[in-house]
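Colleague: Protein chains in written order, with our numbering: chain A, 6 to 127; chain B, 6 to 127.
Heads up, the beta-carbon is just placed ideally off N, CA and C, and yes, glycines get one too.
Small disclaimer: the values here were computed from a predicted structure and weren't measured.
So that we are looking at the same thing, I have put the structure below in structure tokens.
Protein chains: 2
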Amino acid sequence: MIYADEEITLEWEPSTIPWLKLFTVEPYREMSDLPEPLRRRIFELLTVIEEEMRDYFHPHKINLASFGNYCPHVHWHIMARYENDSHFPEPMWGERRREGNLELPDFTAFERILRSRLSTLR
Amino acid sequence: MIYADEEITLEWEPSTIPWLKLFTVEPYREMSDLPEPLRRRIFELLTVIEEEMRDYFHPHKINLASFGNYCPHVHWHIMARYENDSHFPEPMWGERRREGNLELPDFTAFERILRSRLSTLR
């Protein structure tokens, strides 16, 4: 768990790419079910997390997705994608294209940066 | 084309499910590159489009995604998913599970509803 408060949690998805999952604590089904302040906060957090991932990991592209087909509890995937990652240019749910051997900076140091940024937003 | 103004366009993705694509007119690469008012507008539109799709199509789940790996120009996919659609519970980019024979209400009538709602938001 990277960050948690009374409204949201942020954790890693185990993967060969930097892949974060942002959940609401309350099990809302869809984004349009959220109270507006929380919905606005989630969208702001997506932007902040994207900015921090771009600064730290220098990905080729950011991918954002909210499905919830297996688990209908609002959660967002924020993924840093590279042209030589395992699935590019397919989404991470698509066809695997290659071994994904990426040289990436330390994930733990990124957690600290992100936790610090998220704490300033409360 | 369902709707267009100086900032955004909204169109159908040809599919067996109701699947819309919302583009920025300017070819921004990532959501965090958008000026804040436009970013806020895009997020508000995602919510409004989701609400209208839920009201009209009564999907089992809404799926939202922004990838841009093939075409790095910010665009969002808004998809109405059903338990018996071609790919459920996989994302539409994942493994096909079955023939998707859905009985859905008229798409053209939905365009009119959506166009009217989007026009009131300008």
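Determine the contact status of B/Thr-21 and B/Gly-99, defining contact as a CB-CB distance below 8 angstroms.
Modeller: Position 16 of the second sequence, counted from the first residue, corresponds to residue 21 of chain B. Position 94 of the second sequence, counted from the first residue, corresponds to residue 99 of chain B. Result no, Cβ atoms of B/Thr-21 and B/Gly-99 do not sit closer than 8 angstroms.
Colleague: Can the beta-carbon of A/Ser-37 be found less than 8 angstroms from the beta-carbon of B/Thr-52?
Modeller: In the first sequence, residue 37 of chain A corresponds to position 32, counting from 1. In the second sequence, residue 52 of chain B corresponds to position 47, counting from 1. Yes; because the gap between Cβ atoms is below 8 angstroms, this pair is in contact.
Colleague: Report the partner residues of A/Trp-24 according to the DSSP bridge assignment.
Modeller: Locating residue 24 of chain A in the first sequence gives position 19, counting from the first residue. Its beta-bridge partners are A/Met-84.
Colleague: With respect to 7 angstroms, is the separation between the Cβ of B/Glu-55 and the closest non-hydrogen atom of the ligand GTP below this value?
Modeller: As for the ligand GTP, it is missing from this structure, which has no ligand bound.
Colleague: Grab me the residues of A/Val-30's own chain with a C-beta within less than 7 angstroms of its C-beta, minus the 5 sequence neighbours each way, in chain order.
Modeller: Against the first sequence, residue 30 of chain A aligns to sequence position 25. Excluding residues within five positions, the ones whose Cβ falls inside 7 angstroms are Glu-11, Glu-12, Ile-13, Thr-14.
Colleague: Does DSSP put A/Leu-51 in a helix, in a strand, or in coil?
Modeller: By 1-based counting over the first sequence, the position of residue 51 of chain A is 46. The answer is helix: DSSP assigns A/Leu-51 an H, G or I state.
Colleague: Below 8 angstroms on the Cβ atoms is my guess for A/Leu-119 versus A/Ile-7; work out the distance and round it to an integer in Å.
Modeller: For the purposes of this step, residue 119 of chain A is taken as the residue at position 114 of the first sequence. For the purposes of this step, residue 7 of chain A is taken as the residue at position 2 of the first sequence. That belief holds up - the Cβ atoms of A/Leu-119 and A/Ile-7 are roughly 6 angstroms apart, short of 8 angstroms.
Colleague: Can you name the residues that DSSP bridges to A/Thr-125?
Modeller: In the first sequence, counting from the first residue as 1, residue 125 of chain A sits at position 120. BP columns for A/Thr-125 are empty, so no partner.
Colleague: Less than 8 angstroms between the C-beta atoms of B/Leu-107 and B/Asp-90, yes or no?
Modeller: As a working mapping, residue 107 of chain B is identified with position 102 in the second sequence. As a working mapping, residue 90 of chain B is identified with position 85 in the second sequence. In this structure, B/Asp-90 lies closer than 8 angstroms to B/Leu-107 by Cβ.
Colleague: Any beta carbon of chain A sitting closer than 8 angstroms to that of B/Gly-99?
Modeller: Taking the second sequence and counting its residues from 1, one reaches residue 99 of chain B at position 94. B/Gly-99 counts as touching chain A.
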